[in-house]
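Numbering-wise, my numbering comes out as the position in the sequence shown, counting from 1, plus 5. For every residue, glycine included, the Cβ atom is placed at its ideal position computed from N, Cα and C. Since the model is a prediction, treat every value here as computed from it, not as a measurement.
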Amino acid sequence: MFKGVLFDIDDTLYDTSGFAKLARKAALNVMIDGGLPLESEDAYIKLRKIIKEKGSNYDKHFNVLTREVFGEEKPLLIALGMITYHNVKFALLRPFPETTSTLLHLNKRGYHLGVVSNGITIKQWEKLIRLGLYHFFDEVITSEAAGVEKPDPKIFELALNQMGCKSSKSIMVGNKFSEDIMGAINAGMSAILVNSKLTESEKDFINKEKIELEVLENIGELKDIL
Ligand SMILES: [Mg+2]
């Protein structure tokens, strides 16, 4: 049996939240230049509401926005928004500065690496390819493939099975306590929280349940403990 390290992607390997906001704002500004009659900030609030309602994997947020504003879809504005969003997103898509060297370190130390992510399989591979990280991972298990989402322990078990790794010898690294950390612990793994602070109630819960959890500032600190 191999020792495995599973990773979440978004806000664990790279700064999703930061770049998505910039890309959306840039897209809206181009749409406003093209005739969308909203102020930049109002447009962003409206778009965020649509994304919240439809989910981030829905691919017609800009269609809905023009429909809400004009009462009908505006194809040119939608295309301007989509293209700007994608161009800015791809221009900004970079791993955290410490990500690549950390994955390399773990590979050299003999760990098998995998990804467990709530999302669509091709989209998640696409991210890893664009980030220049895909060759580090033996398996990418998504909620689409597993039929369940994190924190369901089944998605972690499926990934470890496919990697030939034992849960008691494996570690999950992620930024969301409820999804990444609790899911992994319920699957019998250890867990490491990165890029995130525990809330007081989470701290109380950890103490009460005697959960052993490592909390790191960033992914680079993994090199000191693994
Ligand atoms: Mg995440």
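CB-CB length for residue i against residue j, believed under 8 Å
i      : j      : result
LEU138 : LEU18  : 6 Å
ALA196 : MET168 : Their Cβ separation, rounded to whole angstroms, is 17 Å, which puts ALA196 and MET168 out of contact at 8 Å.
SER148 : GLY179 : About 14 Å separates the two Cβ atoms, so there is no contact after all.
CYS170 : HIS117 : 6 Å
LYS174 : LYS8   : 5 Å
ILE83  : THR71  : 6 Å
Residue i versus the options, residue with shortest Cα-Cα distance
i      : options                        : result
PHE101 : MET187, ILE14, PRO156, THR204  : ILE14
ILE146 : ARG99, ARG135, GLY119, CYS170  : GLY119
ILE127 : ALA150, ASN112, SER106, PHE142 : ALA150
LEU85  : LEU198, LYS26, PHE67           : PHE67
GLU144 : GLY152, LEU227, VAL121, GLU103 : VAL121
LEU231 : LEU108, GLU78, ARG53, GLU77    : LEU108
GLU217 : ARG53, THR105, PHE182          : PHE182
8 Å Cβ shell around residue i - same chain, five flanking residues per side excluded
i      : result
SER172 : PHE161, GLU162, LEU165, ALA192, GLY193, MET194
GLU73  : LYS51, ILE55
SER45  : LYS30, LEU33, ASN34, ILE37
PRO42  : VAL74
TYR49  : ARG29, LYS30, LEU33
VAL69  : ILE55, LYS59
Own chain partners of residue i with C-beta closer than 7 Å, once the 5 adjacent residues on each side are dropped
i      : result
ASN200 : ASP16, THR17, ASN180, ASN223
PHE24  : LYS94, LEU97, LEU98
GLY27  : The identity of residue 27 in the sequence shown is Leu, whereas the question assumes Gly. Result list for LEU27: VAL93, LEU97, in chain order.
Sequence-distant residues of its chain with Cβ nearer than 6 Å to residue i (five each side left out)
i     : result
TYR90 : ALA28, ALA32
Are three or more beta carbon pairs between the stretch 152-160 and the stretch 127-143 nearer than 8 Å?
-> Taking 8 Å as the limit for Cβ pairs, the verdict is that the stretch 127-143 does not touch the stretch 152-160.
Which parts of the stretch 103-170 are runs of the alpha helix (DSSP H), unbroken and 4 residues or longer, counting only runs that do not cross its ends?
-> 104-113, 126-135, 148-151, 158-168
Could you tell me whether the stretch 16-35 touches the stretch 90-101, using the rule of 3 or more Cβ pairs below 8 Å?
-> Three or more pairs of CB atoms, one per stretch, sit closer than 8 Å, so the stretch 16-35 contacts the stretch 90-101.
Taking the runs of the alpha helix (DSSP H) that are 4 residues or longer, which of them lie wholly in the stretch 171-224?
-> Fully contained in the stretch 171-224 are the following alpha helix (DSSP H) runs of length 4 or more, in chain order: 187-191, 205-214.
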